[in-house]
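Below is one structure, written out as C-alpha cells; the observations come after it.
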Amino acid sequence: MAQASPSEGFSFLLNDKPIQAKAGDSIGAAMFRAGVRVFTRSFKHHRPRGLLCVAGNCPNCLMNVDGTPNVRVCTTPARPGMRVAPQNVFPSLEFDVLAASQKFDWLMPVGWYYKTFTRRPVWNAVEPFIRKAAGLGEAPPSIDRFSGEDPDYEQRYVHTEVAVLGGGPSGLTAALEASRQGSRVTLIDEQPQLGGHLRFTPSDAERRRVLAGQVEAAQGVEVLSRAQCFGLYEDGLLGVVQLPRDGGEESLIHVRAERVVVATGVIEAPLLFENNDLVGVMLSSGVERLIGLYGIVPGRRAVIVGDGPRAGRIASLLKDSGVDVAATVRPDQVLSVTGAAQADGVRTAGGKIPCDLVVVCGHLVPNAGLLHQAGGSLDWSDENGAFLPTRLPPHVEAAGQVKGSDLTAAVPSPPAYPDSKRCYACLCEDVTTSDLRTAIREGFDHIETLKRYTTVSMGPCQGRMCQISSIGVCARETGGGMGETGVTTSRPPNPSISLGALAGPRHPPVKRSPLHHEHEALGAVWMNMGQWKRPRYYAPEPDWSEQRIVEREYRAVRERVGVVDVGPLGKIEVRGRDSGKLLDKVYTHRFGSLKAGRVRYAVICDETGTILDDGTISRLADDHYFLTTTTGNLEFVVQWLEWWLVETGWDVHIADVTGGRSSINVAGPKAREVLAELTDIDLETAAFKYMACRRGEVAGAPAVLLRIGFVGEMGWEVHVPADYGVHVWRSVLAAGKEHGILPFGVETQRVLRLEKKHVIVGVDTDALSNPYEADIPWVTKLEKQDFIGKASLGTLQSAAANERLIGFTMLEDGKVPEDGSSVMLDGRPAGRVTSARYSFVNGTAVGLAWVSDELAEEGREIDVRVGGKPARARIQQAAFYDPEGRRLRM
Amino acid sequence: MAERCAQSGATVVVERGWETVSHYTSPEEELEAVRRSVGLADLSRIPKFDVRGGCSDTLPELDAQAGIWPQRPGETLVTCPPESAAAVREQLDRYASAAGEDAPVYVSDVTAVYTALMLAGPESGNVLGRLADIDASDTALPNLDCVQTGVHHVHAMVARQDLGPLPAYLIFTGREYGEWLWDTVMLAGVSCGIQPFGSKAQQTLEAARP
C-alpha cells in the first residue's frame with residue numbers, strides 16, 4: 095500500500111542537516127523515517143510535540159518551510175532541496191529553555207494576563223516578551239515588491255452545478271451519481287490522491303482504485319486535489335484554497351455551485367488523560383496513515399488506548415507491521431502516560447505498561463463545520479456520540495460519515511477526565527482541563543464565553559482537535575448535557591489560509607492616459623493619483639531638485655506657454671432633451687439656461703449641502719452637455735446622475751467617455767499663438783470668450799475646446815478622441831517650440847492653481863465642507879427650482895459658519911508648511927492647512943487652511959506649524975495671483 | 006498599445022489608419038498557438054457604437070458581421086469589422102433618424118472609449134476563469150452572448166464570438182485600463198502557454214467564422 099518508491103530518493107534540509115526522503119513522502123514522513131520525533135514546541139509551555147494525526151488537522155507539526163511559517167509538514171509533500179526549520183523554539187527544538195516555563199505555570203493560570211497587566215504602560219512593557227515567548231511562526235519579513243522575490247498568489251473562478259467536498263468513498267459516490275445525471279461536478283479533496291481513508295486501509299485498496307478510476311474517467315467531473323474548502327457562503331459560494339503539487343504559493347478558488355454535497359467525513363480527536371500530549375502518543379488514524387501511506391513503522395512497542403472493533407483493527411495492523419502490542423486498555427483505565435518528553439509507558443490502576451508508542455482510538459467527530467457555516471444546525475446524538483448536522487439549507491446536503499453514518503462514541507459523554515495541568519484539552523493553545531475548570535468556576539460557564547476567555551479552539555486547528563473535549567468538560571462542570579452545552583460557531587476561514595491568497599495577484603488596476611508613453615519619453619517622474627499614473631513633473635536632468643524643476647515649468651506657464659495632460663479628469667457626455675433638467679436637479683448652479691457654447695463651473699452637493707464634487711459643464715448643443723469631474727469621483731458622479739434620473743421618465747442618456755478622450759490644457763500668455771497654428775477656430779477673445787466652448791479641429795483631429803483657466807492663465811482645454819491624442823500632443827509641442835513651450839506636471843499645476851486659490855475637492859474640502867464655508871457661495875442658486883441640497887444650503891446660508899476655508903501667506907522666508915499642518919492660536923490648535931506651496935510670484939509660501947469662523951478675518955496673523963514650530967502667516971481672502979482674473983480674459 | 010507592442014519587437018503596420026500589430030513572432034507560429042492553446046490579440050481598433058434610447062434593444066437588421074451586445078434596457082453596444090464601419094454607422098444613423106421624437110435614439114462612436122482584447126483558443130475559457138467571476142461554459146455563455154463582469158474589480162464586458170470551432174471572447178474595458186488588462190490577461194495565461202497574436206493570424210482565424 096505504501097506509495098513511495100524506494101528507488102527514487104532525494105534529500106532536503108532540516109536545520110541544515112540533510113534528510114533523505116522517498117518519492118511520495120510528506121516532509122513529516124521523511125523526518126519521522128529519519129528518526130526525528132520532536133516536530134514542534136507547544137504554544138505556551140514549550141512542551142515537545144510529535145506527530146499526532148498525520149492529516150494536517152492538529153498543530154503538532156507546524157514548521158517553517160522555505161521561509162513560510164506554519165506549514166503542516168505531515169501533509170506537505172517533500173521536495174528536493176527544500177529548507178525546513180522549527181519555529182517558536184529557543185534555542186533549538188531538542189533543547190528549548192523556555193520549556194522551563196512549565197515549572198512556573200502556577201504563576202500563569204488561565205487569563206492571568208487579563209488580571210495582571212491592567213495598566214497600559216505595564217502591558218506595553220511586557221507584551222513584547224509574551225509575544226516572543228509564546229505563539230507560532232513569525233511572518234516572513236517584508237520583501238521589496240519589485241524585487242520579484244516575494245510570493246505571488248493566483249485566484250480563479252469555477253462555476254459548477256454540483257460541488258462535492260471530500261474525496262472519500264461518499265464523496266466519490268456522490269460525484270459519480272451527479273455526473274451520471276448529467277451535471278457538471280467539481281470535486282474538492284484535501285489529499286493528493288482520491289480515496290479518503292480508503293487510501294491507507296489495505297483491504298480497501300481495490301475499492302479505492304475502482305471508485306477513483308470511475309471518477310477520473312467520468313464526464314464533466316473536475317477534480318481539485320490538495321484543495322480545502324475554508325468557507326461555505328451564501329448562494330453556493332465556496333472559498334477553496336489549493337496547494338500546488340510542486341511547491342509555490344497556494345491559490346484561492348472561488349467556486350460557485352448550484353448544489354453542494356458535503357462529504358468531509360470525520361476527524362479523529364484526542365482523548366483526555368494526563369500527559370496526553372507527549373511525543374509518542376498518536377491517534378489511531380495517524381498510525382494507519384504512517385503505515386499505509388508511507389510504509390513507516392511508528393514504534394517498537396505499543397499500548398492501544400481504545401475499545402471495540404477499532405482497537406482490534408489497529409492491534410492487527412500494528413502486529414502485521416512488526417510492532418509489539420503490549421496491551422489494549424480502555425480509555426477509562428488510563429491514569430496517565432509516563433515519560434519526560436517521549437512517552438515511555440502507560441500507567442493504569444494495574445501499574446505501568448512500558449512502551450514507546452501510545453495509540454489512541456479517539457473521538458470520531460463529524461467534520462461538519464462547513465455545514466454549520468452554511469446555516470445548518472449541529473444537534474447532539476447520544477447514539478452516535480457526536481454533534482450531527484440537521485436542518486440544512488435546500489441547496490446543501492451531507493453524505494457519508496459527516497452525517498453520523500456508522501459512528502459510535504469512543505468514550506461516554508460527557509467524558510471523565512483528570513483535573514490536571516498536564517491534561518491538554520487544546521493542543522494549539524496549551525489549554526488544560528484544569529484551565530477550563532478554573533475558567534468555568536470564574537463564571538465563564540457558557541461554551542462561547544469559555545472559548546473567548548481560555549482561547550480553547552481558537553488556535554490553528556480551529557476546534558477540530560479540541561472542540562469535543564472542551565464541550566465535554568463544560569458539560570460535566572456545569573451539569574448540562576452535551577446537547578445543552580452546544581457547539582461554538584463555525585466561521586470561515588476554517589482551516590486557516592494565508593492573507594496573500596485572500597489578497598490575490600499583485601496586479602492592482604492601473605489607468606494610463608493615452609499620452610503615457612509620451613510622458614515617459616519626456617522624463618516624467620510619476621505619481622499615483624488613485625489608479626492613475628500621472629506625471630508629477632518632467633526631470634530635464636537627474637540631479638535637478640524638485641523645486642528647480644517645478645520653477646522651470648511654472649515660469650513657462652506664467653511667462654510663455656505650458657501644456658499639461660488632463661486626461662485623467664472624469665469626462666461624461668449627457669444627451670437628451672431633458673438633460674438640463676437633470677443637471678439643474680443635481681448641480682447647485684443653473685444649467686438648463688446655460689447657452690450652447692458656454693461653460694460653467696459646477697458643484698454637486700448632497701442633501702445636507704456637503705460638497706461632493708466639482709468640475710465644469712459645457713453645453714455643446716441644446717440636448718448635449720459635456721461634463722468634467724474630479725479624477726477620483728468620476729464613477730461616483732456617473733452613479734449619482736443615474737440615481738437621480740431613475741423614475742423621472744426624462745429623456746437623458748449618460749455616458750462615461752473618460753477613456754475615449756485625450757485631454758490637454760494649453761495655458762500661458764502664448765497659448766493662443768500656439769493653438770492658432772493648429773486650428774481654424776477663431777481664438778480671439780471677441781470670438782471665443784473666457785468660459786466658452788467650441789467644436790472644431792485641432793491638428794486635423796475632431797476636438798472640443800473649452801476656454802477655462804484652472805492655472806490662472808489664458809488657456810484652452812482641448813479634448814480629442816483618444817486615438818488622436820499623441821498626434822495632437824506632439825503637434826502642440828512642435829507648434830509651441832518657438833514660444834518656449836514646456837510640458838508641466840501635477841506638482842506644478844498645484845502651485846499654479848493654489849496661487850489662484852482654486853479649490854481641489856477632496857483635498858481642500860472634506861466630508862463636512864459646504865460651499866459657504868469653502869468660500870464659493872456663488873455656486874449655489876437658491877432661487878432656482880428644487881435641487882439636491884437646496885433646503886440644507888438655505889439653512890447654511892443664514893446660519894453662522896463653524897469654519898471657513900481661508901488663504902494665507904507665510905510671513906517668514908523659507909517656511910513652507912506641509913499639507914495637513916496645524917494652524918495655531920495662542921499656542922493651541924485652531925485649524926489645519928489643506929494645501930501649501932512656495933509661490934514663485936509671491937516669493938513666499940501660500941496656502942489654504944480651515945480655521946474657526948471667528949479667526950477668519952482678512953489680514954489677521956496666525957501661526958502655522960512648520961517643522962514642529964509655529965511660524966507667522968497672514969490671512970488673505972483674495973487670490974494670491976491676478977485676483978481680478980485679467981489674465982484669464984486676455 | 007501599438008506603441009508598446011512595437012517597443013517589445015512586434016511588427017506594427019498601418020491598417021485603415023490604425024497602427025496595428027501584424028505579428029509578434031510569425032503568423033504561422035501564432036496561429037498554431039491559438040489553435041493548440043490560447044492567444045490574446047488587441048482588437049481595440051474595431052469600430053464600436055453606443056446606441057441608446059428609443060427601442061434600441063431591438064435594433065434593425067445590421068451588417069452580417071456586426072456584433073450586437075445588449076448592455077441594459079435601452080443601451081446596446083454594436084461592434085463590427087473595420088471594413089464594415091461606414092455601412093453599420095449609416096444603418097444606425099438611419100435607424101436613429103427614423104425614431105420618433107417621443108423615443109429618440111442616440112448613436113455615438115465609442116471606438117476610442119473601450120479597449121477590446123480577444124482571448125481565443127481551446128484554453129481561453131480557463132484563462133477567463135482566472136480573471137472574472139463568470140461561467141464561460143457553452144450553456145451559460147453561448148456564442149454571440151455577452152455578460153458584464155469585473156476583472157480584478159474593474160468593470161468589463163465579455164462577449165463570446167467564436168472563431169468557427171475555436172471558442173473566443175472579446176473583453177471590453179475602459180481604454181485607460183488597456184495596458185493593464187493586457188498584462189493581466191497575459192499573466193493569467195502563463196500556465197496555459199498564452200501567446201499574443203497579431204492581425205495576420207487573426208484574419209486567418211476570422212475566416213473560419215461562418
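Here the protein sequences line up with chains A and B, keeping their order.
Taking our numbering, the leading residue of the first sequence gets 95, the next gets one more, and so forth.
Taking our numbering, the leading residue of the second sequence gets 6, the next gets one more, and so forth.
No residue lacks a Cβ here, since even glycine has one placed at the ideal position from N, Cα and C.
| Asked | Found |
| --- | --- |
| For residue 362 of chain A, which of helix, strand or coil comes out of DSSP? | strand |
| Quick one: does residue 101 of chain B have its CB under 8 Å from some CB of chain A? | no |
| First and last residue of the alpha helix (DSSP H) that includes residue 568 of chain A? | 561-572 |
| How about residue 546 of chain A and residue 371 of chain A: do their beta carbons lie closer than 8 Å? | no |
| Does the beta carbon of residue 251 of chain A come closer than 8 Å to any beta carbon on chain B? | yes |
| Three Cβ pairs or more, each shorter than 8 Å: is that satisfied between the stretch 822-841 of chain A and the stretch 653-662 of chain A? | yes |
| Taking DSSP as the reference, what is the three-state secondary structure of residue 697 of chain A? | strand |
| Should residue 198 of chain A be labelled buried (16 or more other beta-carbon atoms within 10 Å of its own) or exposed? | exposed |
| Which of the three DSSP states is assigned to residue 137 of chain B in this structure? | strand |
| Within its chain, find whatever has a CB closer than 6 Å to the CB of residue 241 of chain A; leave out the 5 residues flanking it on each side and keep chain order. | The pLDDT assigned to residue 241 of chain A is 44, lower than 50, so where the model puts this residue is not dependable; a value taken from the coordinates is nonetheless given after this. Here the set comprises nothing. |
| Using a Cβ-Cβ cutoff of 9 Å, what residues of the stretch 8-20 of chain B are near chain A? List them in chain order. | 8, 9 and 12 |
| As a quick exercise: from B/10, B/48 and B/16, pick the residue whose alpha carbon is nearest that of residue 207 of chain B. | B/48 |
| List the endpoints of the continuous beta strand (DSSP E) containing residue 53 of chain B. | 53-58 |
| Give the interface partners of residue 248 of chain A over in chain D, defined as CB-CB distance under 7 Å, in chain order. | Considering every chain present, this structure includes no chain D. Its protein chains are A and B. |
| Only counting runs of 3 or more residues, tell me where the beta strand (DSSP E) segments fall wholly within the stretch 266-307 of chain A, in order along the chain. | 279-282 |
| Please list the terminal residues of the continuous beta strand (DSSP E) segment that includes residue 810 of chain A. | 809-815 |
| Listed in chain order, which residues of the stretch 166-191 of chain B have Cβ atoms closer than 9 Å to some Cβ of chain A? | 178, 179, 180, 181, 182, 183, 184, 185, 186, 188 and 189 |
| Considering just the uninterrupted stretch of the beta strand (DSSP E) at residue 153 of chain B, what are its terminal residues? | 151-156 |
| What's the C-alpha gap between residue 18 of chain B and residue 648 of chain A? | 39 Å |
| At a CB-CB cut-off below 9 Å, which residues of chain A make contact with residue 115 of chain B? | 749, 751 and 754 |
| Name, please, each residue of chain A whose Cβ falls closer than 7 Å to the Cβ of residue 57 of chain B. | 747 |
| Which chain B residues sit within Cβ distance under 7 Å of residue 371 of chain A? | Residues of chain B passing the Cβ test: none, with the nearest at roughly 42 Å. |
| Below 8 Å CB to CB, which residues in the same chain sit around residue 138 of chain B once its five sequence neighbours on both sides are set aside? | 154 and 155 |
| With a cut-off of 8 Å, does the C-beta of residue 138 of chain B fall near any C-beta of chain A? | yes |
| Hey, residue 810 of chain A and residue 760 of chain A: beta-carbon distance below 8 Å or not? | yes |
| At a CB distance below 7 Å, what residues from the stretch 609-632 of chain A approach chain B? Give them in sequence order. | 611 |
| Tell me whether residue 239 of chain A sits in a helix, a strand or coil according to DSSP, three-state version. | Interpretation of residue 239 of chain A is limited by its pLDDT of 42, a score under 50 that renders its predicted location unreliable; the figure taken from the coordinates is listed afterwards. Looking at residue 239 of chain A - three-state DSSP - the assignment turns out to be coil, as it is neither helix nor strand. |
| Leaving out five residues before and five after residue 675 of chain A in sequence, what residues of the same chain have Cβ atoms less than 7 Å from its Cβ? | 686 and 744 |
| In angstroms, rounded to a whole number, what distance separates the CA positions of residue 167 of chain B and residue 209 of chain B? | 13 Å |
| What distance in whole Å lies between the Cβ atoms of residue 951 of chain A and residue 899 of chain A, which are believed to be in contact at a cut-off of 8 Å? | Not really, about 14 Å apart at Cβ, beyond 8 Å. |
| Alpha carbons only, please: which of A/133, A/812 and A/892 is nearest the one belonging to residue 660 of chain A? | A/812 |
| Please check if any C-beta of chain B sits within less than 8 Å of the C-beta of residue 214 of chain A. | no |
| Less than 8 Å separating the beta-carbons of residue 590 of chain A and residue 554 of chain A? | yes |
| As a quick exercise: from A/377, A/258, A/439 and A/476, pick the residue whose alpha carbon is nearest that of residue 350 of chain A. | A/258 |
| In chain order, which continuous runs of the alpha helix (DSSP H) of length 4 or greater are located wholly inside the stretch 593-620 of chain A? | 593-597 and 610-615 |
| Residue 712 of chain A: which of A/767, A/374 and A/692 sits nearest, CA to CA? | A/692 |
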